[in-house]
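First the structure, in the form of structure tokens, and then the observations on it.
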Amino acid sequence: MSIKKNKIFCSFLIIYILPFCFLYGEAGKVYFEEKKIEDKKIEIIVPISGITQAYNEYDIKAGFDGKVVAILPSLFDVVKASSPIVRLVTGEVAALLKTAKDENEKKEILKRWKGLFNYTDIQAPHDGIVTRIYVKDESFISKGDKIMTIARNMRVIAKNTEEIYIPLEKGLNGIVEDKKLGKYKLTLYNFIPDGKYFYKLFFDFEEIPQIKLGEKVEGVMMIAKKQSARVVPSDDIIEHNGKKYILLEFEPGLITSQEVEIAGFRLNYLRIKNGD
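Structure, rendered in structure tokens:
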């Protein structure tokens, strides 16, 4: 058998019948390089890119018939819990204002009734983002009418822009950072596979950021970090039937003509090199 044929035969054995490859190593000119498993720090940080989106919304409704005097936040503003968001007057005053023929007459009615009625402020029950406003200043409303919608939370719907080779877990940390937008922490809420090694990622902000809805953001996701890990280069790994192998040195124990006891493993391994 020629050297060339031996090489082809051995390559076949490496892929399909690994245990027999080493019997033909010398004949097939398969070369090995001895290397050592390293102990080093390893971390996996993957870049992400996504769009901000509001969720967990609720409606603010009028508790009585009345008139809107002022809408304090603008659309997409961040509001704090207990801060006033809408100022109203009661139905009685609203009914009087309806009788006014023009703005000057409205001002006269308000001046005449000054001190005899109070404005009512509706407050935001939670921190949130104003996502819809249904009324305008000076508009009349009835009890139960929607005034605005507020989202309790903001999230980022993102994708990883580099491959991820290990399984993901909910609760992983992320960071988005921009000179204009600032730096914010994220928590991975959920994920959906989106092709091999890629995912659609759903991140929650730890706090409501000063970022507009629909804003494109860039950041990173921290997947894993170990101060001490046994590491080999990916190119030194042999894959077979979905499993990963290295040609690891072992310490023999009892030896017979037919069997060898494996007493333990060492940190040396063989890397298969291409033959000449």
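Note that the sequence shown covers residues 3 to 278 in the working numbering. By construction, the Cβ of each residue, glycine as well, lies at the ideal position given by its N, Cα and C atoms. All of these numbers come straight from a predicted model, not from anything done at the bench.
For Y33, the enclosing beta strand (DSSP E) stretches over residues Y33 to K38.
With contacts defined as CB atoms closer than 8 Å, I177 and T54 fail to qualify as a contacting pair.
Secondary structure remark: continuous beta strand (DSSP E) runs of at least 3 residues inside the region 59 to 92, in chain order: 68 to 73 and 86 to 92. Counting only residues of its own chain and dropping the five nearest sequence neighbours on each side, D147 has a CB closer than 7 Å to the CB of K63 and A64.
For R154, the closest C-alpha among the options A102, A56, P49 and E165 is that of A56. Remark: C-beta atoms of K42 and V233 approach each other more closely than 8 Å. For E253, the three-state secondary structure derived from DSSP is strand. When C-alpha distances from S236 are compared across S230, N243, D79 and Y247, the shortest belongs to Y247. Under DSSP, I225 takes part in no beta bridge, so it has no partner.
Beta bridge pairing from DSSP links R154 with no other residue. The Cβ atoms of V70 and V137 lie closer than 8 Å to each other. Between the alpha carbons of H242 and L256 lies a distance of about 29 Å. By the Cβ rule, the region 198 to 207 counts as touching the region 163 to 172, because three or more pairs are nearer than 8 Å. Boundaries of the beta strand (DSSP E) around V178: N175 to D180. By the criterion of a C-beta distance shorter than 7 Å, K145 is surrounded in its chain by A64, G65, F66 and D67, once the five residues flanking it on both sides are discounted.
Taking the C-beta atoms as reference points, G52 is found no nearer than 8 Å to K172. For Q125, the enclosing beta strand (DSSP E) starts and ends at T122 to Q125.
For the set E140, E110, D129 and I210, the Cα lying nearest the Cα of T189 is the one of I210. Here DSSP, grouped into helix, strand and coil, assigns D206 to strand.
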